[in-house]
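Undergrad: My structure is below; once you've seen it, I'll send some questions.
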Amino acid sequence: MKNESESSPPSNPSHSSSPRMFYGKFNHLTPSEPSSSSSHQPSLPSTIENVIASRPFVGKPIKPRGTRDIKLSPSSLRPAVAARDRISHWVTPYSLSQLDSMLGEISFDSIRKINVAVISSLAESTRTGYGAGLLRFTEFCDREGVSEYSRMPASAVLLAAFVADQASKASSSSINSWMSAVRAWHVINNAPWYGSSEFVCQVKLGSSRMAPVSSKKIPRNPVTLEHMLTLQKALDLSDSFDAAVWAVACVAFWACCRLGELTVSSEKSFSPRHDADRFGHSFSLLTASDAHLSPIHPDLLPP
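Going by the working numbering, the first residue of the sequence shown is number 37, and it counts up by one from there.
Here it is in structure tokens:
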């Protein structure tokens with residue numbers, strides 16, 4: 037592996053910049069100029085810049101937030117990117133050797149296409165959440181003095197230590213989420229995953245039983261028909277906005293959906309690929325004979 041100080045990438049690589057900015061003397065590896073060798077084997081070992089350039093940003097450009105509360109050891113292996121991009125752009129020495137191995141079989145352009153596909157397999161919200169989990173794991177490794185070479189593939193002992201470190205501090209759901217983030221990070225880098233070993237699973241079980249009482253949420257009261265009737269009386273169904281609220285409430289209630297599955301967090305976050313609007317979508321009308329409706333409250337039918 038080359039000395040990090042000799043090949044430090046920009047601290048905040050631009051989403052719109054050409055991949056060539058990462059290459060330096062490795063321009064022969066750019067997608068527009070694939071190696072002419074039939075084996076695709078590079079003449080020199082891959083660098084951190086090569087790995088980052090092989091992983092295009094997926095989604096709209098997002099600037100990374102401030103890092104005042106993030107305590108990480110400075111490293112060119114972890115460029116300053118948005119939380120959603122950490123899982124793809126925070127790399128390890130294993131990532132470099134993996135790129136070398138792939139270049140021995142396929143072109144750099146094919147590798148970029150693979151990375152786009154594997155990164156796109158995770159929803160943006162999922163990648164953002166995983167970014168937080170990967171941050172936790174990296175902070176733990178820094179505190180423990182774990183070398184960059186030992187972080188991927190992470191051994192069962194290292195993963196068990198990470199889980200045990202959060203015992204009595206975090207809920208089991210938080211620990212499971214962070215472990216899922218580290219696993220996805222390994223998958224994207226095509227690294228072996230030892231987090232499913234019986235040893236690690238047993239440590240996770242013990243940690244869940246040691247979770248603080250404050251981390252366990254009290255079950256919420258259910259939404260009842262009386263709540264629905266109260267909501268309907270408070271709405272003016274001749275108003276388009278109130279009618280939309282009532283429609284969403286009815287679908288969420290009768291279909292047992294989460295509101296997050298039917299709404300968007302903001303107007304800017306709307307995506308035609310994932311979110312439905314009133315245009316260009318087919319629909320079916322359910323009648324009383326088709327739908328499972330309460331005979332006691334027929335007035336719950338939407339207008």
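The beta-carbon is built from N, C-alpha and C at its ideal position, and this holds for glycine as well. Here the structure is a predicted model, which means the values were calculated and not measured.
If you check the beta carbons only, do Pro217 and Gly140 fall under 7 Å apart?
TA: Residue numbering aside, residue 217 sits at position 181 when the sequence shown is read from its first letter. Residue numbering aside, residue 140 sits at position 104 when the sequence shown is read from its first letter. A small correction: the amino acid at residue 217 is Ala; Pro does not occupy that position in the sequence shown. Going by C-beta atoms, Ala217 is not nearer than 7 Å to Gly140.
Undergrad: Give, in chain order, every unbroken run of the alpha helix (DSSP H) that is at least 4 residues long and sits entirely within the segment 228-265.
TA: List check, alpha helix (DSSP H) in window: 234-245.
Undergrad: Excluding the 5 residues flanking Thr164 on each side, which residues of the same chain have their C-beta closer than 7 Å to its C-beta?
TA: What you label residue 164 is simply residue 128 of the sequence shown in a count that begins at 1. The answer, listed in chain order, is Ala119 and Arg120.
Undergrad: Should Glu297 be labelled buried (16 or more other beta-carbon atoms within 10 Å of its own) or exposed?
TA: The residue labelled residue 297 in the question sits at position 261 within the sequence shown. Glu297 comes out exposed.
Undergrad: Please report the straight-line C-alpha distance between Phe289 and Phe315, rounded to a whole angstrom.
TA: As a position in the sequence shown, residue 289 is number 253, starting the count at 1. As a position in the sequence shown, residue 315 is number 279, starting the count at 1. Their Cα atoms are separated by approximately 24 Å.
Undergrad: Using DSSP with H/G/I as helix, E/B as strand and the rest coil, what is Lys107?
TA: The residue labelled residue 107 in the question sits at position 71 within the sequence shown. Reduced to three states, the DSSP call for Lys107 is coil.
Undergrad: Using CA coordinates, which residue listed in Ser233, Met138 and Lys269 is at the minimum distance from Ile150?
TA: Taking the first residue of the sequence shown as position 1, residue 150 is located at position 114. The option with the nearest alpha carbon to Ile150 is Met138.
Undergrad: Do the segment 211-231 and the segment 263-270 meet, that is, are 3 or more Cβ pairs less than 8 Å apart?
TA: No, the segment 211-231 is not in contact with the segment 263-270.
Undergrad: Please state whether the Cβ-Cβ distance between Gly231 and Leu273 is less than 7 Å.
TA: Position 195 of the sequence shown, counted from the first residue, corresponds to residue 231. Position 237 of the sequence shown, counted from the first residue, corresponds to residue 273. No, the pair does not count as a contact, with Cβ atoms beyond the cut-off.
Undergrad: Nearest CA to the CA of Ser157: which residue from Val193, Ala220 and Ala200?
TA: Position 121 of the sequence shown, counted from the first residue, corresponds to residue 157. Out of Val193, Ala220 and Ala200, Ala220 has the C-alpha closest to the C-alpha of Ser157.
Undergrad: Once DSSP output is grouped into helix, strand and coil, what is the label at Asn226?
TA: In the sequence shown, the residue the question calls residue 226 occupies position 190. Asn226: coil per DSSP, three-state reduction.
Undergrad: Is any heavy atom in the ligand SAH found nearer than 6 Å to the beta carbon of Ile211?
TA: As for the ligand SAH, it is missing from this structure, which has no ligand bound.
Undergrad: In angstroms, rounded to a whole number, what distance separates the CA positions of Glu262 and Ser301?
TA: For the purposes of this step, residue 262 is taken as the residue at position 226 of the sequence shown. For the purposes of this step, residue 301 is taken as the residue at position 265 of the sequence shown. Those two C-alpha atoms are separated by around 27 Å.
Undergrad: Helix, strand or coil: how does DSSP classify His310 here?
TA: Here residue 310 refers to the residue found at position 274 of the sequence shown. Of the three classes helix, strand and coil, the one that applies to His310 here is coil, per DSSP.
Undergrad: Could you give the DSSP three-state label for Trp126: helix, strand or coil?
TA: By one-based count along the sequence shown, residue 126 stands at place 90. Residue state, collapsed to three classes: coil.
Undergrad: Hey, would you say Asp145 sits closer than 7 Å to Ser82, going by beta carbons?
TA: By one-based count along the sequence shown, residue 145 stands at place 109. By one-based count along the sequence shown, residue 82 stands at place 46. No; because the gap between Cβ atoms is not below 7 Å, this pair is not in contact.
Undergrad: Report the rounded CA-to-CA distance for Ala89 versus Tyr166, giving the unit in angstroms.
TA: Taking the first residue of the sequence shown as position 1, residue 89 is located at position 53. Taking the first residue of the sequence shown as position 1, residue 166 is located at position 130. Straight-line Cα distance between these residues: approximately 21 Å.
Undergrad: Can Ser244 and Ser208 be called in contact, C-beta distance under 7 Å?
TA: On the sequence shown, residue 244 is found 208 positions in, with the first residue counted as 1. On the sequence shown, residue 208 is found 172 positions in, with the first residue counted as 1. Yes, Cβ-Cβ distance for Ser244 and Ser208 is below 7 Å.
Undergrad: Considering only the alpha carbon of each residue, which of Ala285, Ser191, Met188 and Val236 lies closest to Ile211?
TA: Walking along the sequence shown from the start, residue 211 turns up at place 175. For the residues Ala285, Ser191, Met188 and Val236, the minimum Cα distance to Ile211 belongs to Val236.
Undergrad: For Met215, name the three-state secondary structure that DSSP assigns.
TA: Taking the first residue of the sequence shown as 1, we reach residue 215 at position 179. In the structure shown, Met215 sits in a helix (DSSP, three-state: H, G or I).
Undergrad: Measuring CB to CB, does Ile84 end up less than 7 Å from Ser109?
TA: Residue numbering aside, residue 84 sits at position 48 when the sequence shown is read from its first letter. Residue numbering aside, residue 109 sits at position 73 when the sequence shown is read from its first letter. Not in contact: Ile84 and Ser109 (Cβ atoms no closer than 7 Å).
Undergrad: Just how far apart, CA to CA, sit Ser131 and Glu184?
TA: Here the question's residue 131 lines up with position 95 in the sequence shown. Here the question's residue 184 lines up with position 148 in the sequence shown. Spanning the two alpha carbons is a distance of roughly 11 Å.
Undergrad: By DSSP, does Gly60 sit in helix, in strand, or in coil?
TA: In the sequence shown, counting from the first residue as 1, residue 60 sits at position 24. Note on Gly60: pLDDT 34, under 50, position unreliable in the model; the coordinate value appears next. Of the three classes helix, strand and coil, the one that applies to Gly60 here is helix, per DSSP.
Undergrad: Are the beta-carbon atoms of Ile155 and Ser124 separated by less than 7 Å?
TA: Here residue 155 is taken as the residue at index 119 of the sequence shown, counted from 1. Here residue 124 is taken as the residue at index 88 of the sequence shown, counted from 1. For Ile155 and Ser124, yes; Cβs fall inside 7 Å.
Undergrad: Look up Asp278 in the DSSP assignment and say whether it is helix, strand or coil.
TA: Residue mapping note: residue 278 aligns to position 242 of the sequence shown, counting from 1. Helix.
Undergrad: Which full runs of the beta strand (DSSP E) of 3+ residues lie inside the segment 130-189, going along the chain?
TA: Runs found: none.
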